[in-house]
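Okay, so here's the structure we're looking at.
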Ligand SMILES: Nc1ncnc2c1ncn2[C@@H]1O[C@H](COP(=O)(O)OP(=O)(O)OP(=O)(O)O)[C@@H](O)[C@H]1O
Ligand SMILES: [Mg+2]
């Protein structure tokens with residue numbers, strides 16, 4: 069039986085998570101291929117379709133793990149989804165699957181799935197109508213405005229100043245141009261004990277959780293300056309249900325408690341990092357992921 073070959077797809081090949089996972093896989097005897105989207109070419113003709121990266125035929129991979137899709141430009145986004153879909157058809161197992169990644173990258177789609185699974189989500193408005201958005205804000209003030217597709221808390225804002233209310237159209241117009249790309253997601257503000265919980269789901273298990281706090285903002289993402297601390301609140305069932313409803317294999321579920329201790333699902337992330345959560349976890353998460361990927365690909 070030949071050596072197992074696993075592709076690591078990332079638009080940030082020098083990130084901690086890529087390097088630590090590559091090391092963990094190599095230590096376990098896996099041949100690792102770094103797949104950097106702008107180094108991949110697809111050549112198609114009548115009866116030939118080749119997808120290669122720096123001369124390596126990607127259709128020969130046993131599995132491709134998508135660490136981050138990147139791609140804020142629609143062209144690059146379609147290209148990356150296209151090549152992952154083509155590789156899926158060629159028999160390469162893609163984690164997370166393309167269909168689940170598409171669900172999670174689009175907050176309106178993941179909200180739809182969470183709602184149809186009857187999971188607790190904050191009251192949410194999704195619209196392109198600036199009038200409807202302004203009306204929701206007036207009716208649910210203070211509330212949270214966020215982009216339909218985002219990263220690391222970018223563009224997530226709490227609308228809580230009277231000033232913003234008085235100038236709501238300007239505020240919404242500005243947000244739309246900066247972050248929203250023409251659509252608005254507005255949500256009731258879950259006022260809680262000042263932290264949210266990130267659960268890391270691998271396959272059918274919650275392998276790690278952390279609480280995230282940020283003294284300066286409601287946005288607790290580690291990328292946005294949030295800090296991790298250990299978590300003793302059991303979110304297992306809710307996190308697994310959320311992961312399942314978007315068919316995620318390796319995901320990060322964001323859950324926020326309200327002041328009565330009720331838990332609400334904010335979103336499910338298709339390409340979660342684990343640098344922050346590793347700081348409050350007593351085993352090597354990269355090694356755990358590596359062993360799981362090898363198990364899947366053999
Ligand atoms: N309705 C809400 N009530 C209170 N806090 C919220 C609410 N929505 C978001 N937040 C805070 O903002 C943070 C970021 O929001 P969210 O997870 O929805 O977007 P995101 O992390 O930017 O998305 P992505 O990871 O896909 O980029 C949450 O972790 C939470 O701390
Ligand atoms: Mg989030």
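Numbering (my numbering), first residue to last: 69 to 366. Each residue gets a CB set at the ideal place from its N, CA and C atoms; glycine is no exception. This structure is a prediction, so every number in the text was calculated from the model and none was measured.
Query, Result
"Completely contained beta strand (DSSP E) runs for the region 140-166, where each covers 3 or more residues", "161-163"
"C-beta contact flag for residue 278 and residue 297 at 8 Å", "yes"
"Beta-carbon gap between residue 76 and residue 124 smaller than 8 Å", "no"
"Contacting residues, own chain, Cβ-Cβ under 7 Å from residue 358 (five flanking each side not counted)", "89, 92, 93 and 96"
"Ordered list of alpha helix (DSSP H) runs contained in the region 205-237, each at least 4 residues", "230-234"
"Cβ-heavy atom distance, residue 335 to ligand 2, below 7 Å", "yes"
"Exposure label - residue 245; buried when at least 16 CB within 10 Å", "exposed"
"The beta strand (DSSP E) enclosing residue 136, as first and last residue numbers", "131-136"
"Same chain, Cβ closer than 6 Å to residue 256, five either side skipped, listed in chain order", "190, 191, 208 and 211"
"Whole-angstrom distance between residue 276 and residue 348, CA atom to CA atom", "9 Å"
"Closest by C-alpha distance to residue 280, when choosing among 265, 151, 273 and 271", "265"
"6 Å CB neighbourhood of residue 341 in its chain, flanking five on each side removed", "85"
"Host alpha helix (DSSP H) of residue 312 (start-end)", "304-313"
"CA nearest to the CA of residue 288, picked from 230, 226 and 71", "226"
"For residue 152 and residue 262, the rounded distance between their alpha carbons", "39 Å"
"Residue 318, DSSP secondary structure in three states", "strand"
"Ligand 2 heavy atom lying under 7 Å from the CB of residue 322", "yes"
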